[in-house]
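Residue numbers for the sequence shown follow our numbering, so the first one is 131 and each next one is one higher. Everything below concerns the one structure shown next.
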Amino acid sequence: MAGNEWINGYLEAILDTGAGTIEENKASAPVNLADGGHFNPTRYFVEEVVTGVDESDLHRTWIKVVATRNTRERSSRLENMCWRIWHLTRKKKQLECEEHQRLAKRRWEREQGRKDVTEDLSEDLSEGEKGDVFAEPLVTETSKKKIQRNVSNVDVWSADSNKEKKLYIILISLHGLVRGENMELGRDSDTGGQIKYVVELAKALARMPDVYRVDLFTRQISSPEVDWSYGEPTEMLTVGSEDAADVAEVGESSGAYIIRIPFGPRDKYLSKEVLWPHIQEFVDGALAHILNMSKVLGEQIGAGNHPVWPYVIHGHYADAGDSAALLSGALNVPMVLTGHSLGRNKLEQLLKQGRQSKEDINSTYKIMRRIEAEELSLDAAELVITSTKQEIDEQWGLYDGFDVRLEKVLRARARRGVNSHGCFMPRMAVITPGMDFSNVVDQEDIEADIELTSTNDGSSPRAVPQIISEVMRFLTNPHKPMILALSRPDPKKNITTLVKAFGECRPLRELANLTLIMGNRDDIDEMSGGNASVLITVLKLIDKYDLYGLVAFPKHHKQSDVPEIYRLAAKTKGVFINPALVEPFGLTLIEAAAHGLPMVATKNGGPVDIHRALNNGLLVDPHDQQAIASALLKLVSEKILWHDCRKNGWKNIHLFSWPEHCRTYLTRVAACRMRHPQWQTDTPVEEFPNEESLNDSLKDDQDMSLRLSFDGDKTSLNESLDTTGGDPEGMNDHVKKLLSRMNKPEQGKPQDGKAVDNVSGKYPMLRRRRRLIFIAVDCYNNDGSPDKKLIKIIQATFKAVNSVSQNAKFSGFALSTAMPISELMAFLKSGNINVNEFDALVCSSGSEVYYPGTYIQDGKLYPDPDYVSHIEYRWGSDGLKKTISKLMSSNESHSSKFFEQDLEASNSHCLSYKIKDLTKARKIDDLRQKLRMRGLRCHLMYCRNSTRMQVIPLLASRSQALRYLFVRWRLNVANMYVVLGETGDTDYEEMIAGTHKTLIVKGSVEKGSEDLLRTIGSYMKGDIVPEESPLITYTTGSNITPDAIAEALRKISNSGGAI
């Protein structure tokens, strides 16, 4: 915090006095302070202070000490305070030491990873190339020119060359309050600049001639805490391209829209830190909307009515990045990420302050869950968009999943067509945020727009904006040039140093005024500690330097007032300053330049790139008070320099316009590896029953719930089948039509209900199901063999569902397991369960999907070829096999004995290993980190009661296989029921949450593999799975019976999913 000199002064005093003097003052016996005994600072320090010291508390104590008149009491307080400062310093040093050790270990691991990758990649290079794999490039003029030529080789996006394209783009920004007009920016920490950025980006992209529709996904909030508009499911932002000739060309569904998906508690506005357990629910809701919209767009603009899949899915911030990664994997479309602010960078800054331990930070900010979401986003992203190069080098460079040097090597190999053995690094691109200049008026044309004379008598020849009056009432001479600073009163924004620089520079005070726009406030006492502390310090400095009449600091302003403030500063020939200690980008600098204001800005972060582009001001060291004052004085006093900076800003400001941003954006996205679902969509209409909208789960969950009613009094097979608008005759015809289909023997089954093996159909029966029971109970013995209890669970589930005749024909079953298909079929046969009882089998932890009765050749089941191609993305089995063998055997000289590859359980997309000594097995977190550092992306897990470790492609998992069935066969995710045990494999948590309904069978699994999932200090299960949800239920008792499962299904069905 500002004013740390008093802490340093007391530390020096302690050192000067010496430890011996302090020891002499310690009292050996405890003293009861209430009895009026001598105050014992040592005891007070031990009992009261150690557990709750912070700098703000110390500052309050210091104020009390200064105000104390009694000499003895003052000495006691000073001694007590010295102990507290000593403890704070010791704690800070301890944290710094721990952090230094952690960073050193991380650097060593990163170098080890680079070394391993160098050895693997060098095998494909010539002798001359091997030495250059990780060599530092020489920065010369020639190399710079080559880089520029490489960039210029990317075809710039143009409307003429892409006029036939009709793109569908998805943007995601989950937290905060998002709406198109009257944005409540600054209402809370979640509703800030990111909200404005994503809304304006959606509007700007929709105006591009080649973009047909942009959907901005966010959270639907129906809470009395916020305005009703945040509960509206859809909000139109713009109708579409401005170049469209008429309405017909625009299209019925074109334009930009905010799509609000309900997830989490419907009636509560949640901060971003507590949204994490509900991410899976959002993904399912977003998938339903995308499938519906893809079909609608296919009918409007698609060739042959084929679905129009999203061109790209773009996540903003960590939570949206996590969601975008799952959506991208489910749909097999490219993903783009913008971090905005990064978790590792925030963690580093908080640890450096020394006030909180890593555990405390994680508890407050859920920082480890955020970091893992960012790492997952890097795994899946084709492109990461940043505002500055500094963000790439100093922030993304902190992550396991990105290495600047390795990324350059892999990019070079890709250009040469050399195999990278599955290694991948996302491409980073610097694209500065755009800005809307429509409200910017040339300053030279409005010389008389604002009268700067004070109107104390209340009369004015023209209407003066309210904010101008608010500013001018502080100033004795408003005609002087205005130095303008606009930011929150955050310690990182360094406002106090600016006020000191202004107060201590007499020539600057005589030439200029200072205006501080520090957010909105009603009462300083009601503000957060850090912000209140900054404001109090500013007020004290104004008093100290007697700056009354020279400094303006209005209490309130609206977003619409900001352009007026810029215009006022430019009218007075003023300067805009951003003195932040570190500024990630600096959008206000661009806004100020657009209004004709030269700038003085910090040299740390984004302003460096802005200054390079605009050349409209000076950069300074934010810690150098004298440099800040000198730069401001130079611009204010040298009018020729001021005019040159102003003209340069106007000349180059187009580089930051939204059209320029969108052209660069689409150019970068077009360079990504384009992909989308490749399966055929020619399922015959007469074989595919017309189902309700996939998005009905967002309207009325109750209508789609599984009706396990035993009374048999329904007038129709399912209420949601009534599409005749209440016409009884039409309804009867509809039911007769369905009954006639049901009476026909299903393909592969005779009329007596007994299945026939080895009879294949063109399409799996799954496509006809209105609901799916997905059994994923991980029952294994100590040796990893399947437990017979699983047979009992399967049979009980069959009986529970089939006992209701009206549900049996519409209900299908799927079985998900870590076993390979051969072992699974043998196990089912041992329990007298016919494999054709299942519509789908998800085997080898989600690496293969089978449809009994389909894809059969010579009596053998074959995996779904579409799913195989779907999960192929970034799968490098050879590189993974070599690296995992090296990692698992790195710590023990004879550790190769504790694991071996299980060839029988392995397949082309699953590497299975037997774990013989569990004590030597690495945790999933640790292994995943090491693989990411080597550029290897995959999904790995321990399974089968911790006796196996399986490595599968990044896009494969049992939870993603469930979404694949949802997308591929147009099943309704709200009518999916996932049956789990109380624990399971390390991917168990991924299958609990979502908009599907989850049934947990008590007593089914005694021991799972979850202990091997996370290392100490990682995120917790509560960050993945919600503590309470009506979509999750348990069977009653420990006996596994059909009645218990039927009762649990009835209970969760009746909940309807309404939270």
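Ideal Cβ positions, reconstructed from N, Cα and C, are used throughout, including at glycine. Small disclaimer: the values here were computed from a predicted structure and weren't measured.
Contact between the region 1086–1099 and the region 1051–1063 is absent: fewer than 3 CB-CB pairs across the two stretches fall below 8 Å. In the DSSP annotation of this structure, Gln1031 is not part of any alpha helix (DSSP H); the continuous beta strand (DSSP E) holding it starts and ends at Phe1029 to Gln1031.
Beta-bridge partners assigned by DSSP to Tyr1072: Met1079. In this structure Ile389 touches His419 by the C-beta definition: roughly 6 Å separates them, less than 8 Å. A distance of 9 Å or more separates the beta carbons of Lys1137 and Tyr1164. Within the region 893–937, the complete beta strand (DSSP E) segments of 3 residues or longer fall at 901–905, listed in chain order.
In the three-state DSSP reduction, Cys553 falls in the strand class (E or B). Note that the C-beta distance between Glu521 and Leu480 is not below 9 Å. Straight across, the Cα-Cα distance linking Leu400 with Leu508 is about 26 Å. Closest option to Tyr529, judged by alpha-carbon separation, among Thr516, Ile501 and Ser977: Ile501. Beta-bridge partners of Phe347 (DSSP): Ile302 and Ile389. Here the C-alpha atom of Ile351 lies approximately 15 Å from the C-alpha atom of Ala416. Residue pairing for Leu1129: DSSP places it in a beta bridge opposite Val1109 and Thr1163. Around the beta carbon of Pro1083, 16 or more other beta carbons sit within 10 angstroms, so the residue counts as buried. Assigned with DSSP and collapsed to three states, Thr468 falls in strand. Taking 9 Å as the cut-off, the Cβ atoms of Asn734 and Leu717 do not count as close.
Taking Ser303 as the centre and dropping the five residues before and after it, the same chain places the C-beta of Val328, Thr348, His446 and Ala450 closer than 6 Å to its C-beta, in chain order. Ile443 carries a strand assignment under DSSP once its states are collapsed to helix, strand and coil. Here Glu505 is not near Gly469, since their CB atoms are 9 Å or more apart. A buried status is given to Met555, since no fewer than 16 other beta-carbon atoms sit within 10 Å of its beta-carbon. Separation of Arg237 and His230 (C-alpha to C-alpha, rounded to the nearest whole angstrom) is 11 Å.
Taking the CA atoms as reference points, Val560 sits about 24 Å from Ile707.
Assigned with DSSP and collapsed to three states, Thr1116 falls in coil, not helix or strand. Assignment of Met558 by DSSP, reduced to helix, strand and coil, places it in the strand class. Contact between Leu301 and Leu233 fails: their C-beta atoms lie close to 35 Å from each other, not under 8 Å. For Lys990, the secondary structure class from DSSP, reduced to helix, strand or coil, is strand. Under the 10 Å beta carbon count, Trp358 is surrounded by fewer than 16 other beta carbons and is classified as exposed. In the displayed model, Gly735 falls within a strand according to three-state DSSP.
Residue environment for Leu638: buried (at least 16 other C-beta atoms within 10 angstroms of its C-beta). Across the set Ala1035, Met1018 and Ser1038, the C-alpha of Met1018 shows the shortest separation from the C-alpha of Phe1029. The criterion of a C-beta distance shorter than 9 Å is satisfied by Val730 and Leu762. A direct Cα-Cα distance of roughly 29 Å separates Lys674 from Pro728.
The three-state secondary structure of Phe604, taken from DSSP, is coil. For Pro993, the closest C-alpha among the options Lys1011, Gly1006 and Cys973 is that of Cys973.
Leu896 sits close to Leu1101, with the two beta carbons spaced by under 9 Å. Its Cα nearest to that of Gln1080, the residue Tyr1072 stands out among Asn912, Ser1087 and Tyr1072.
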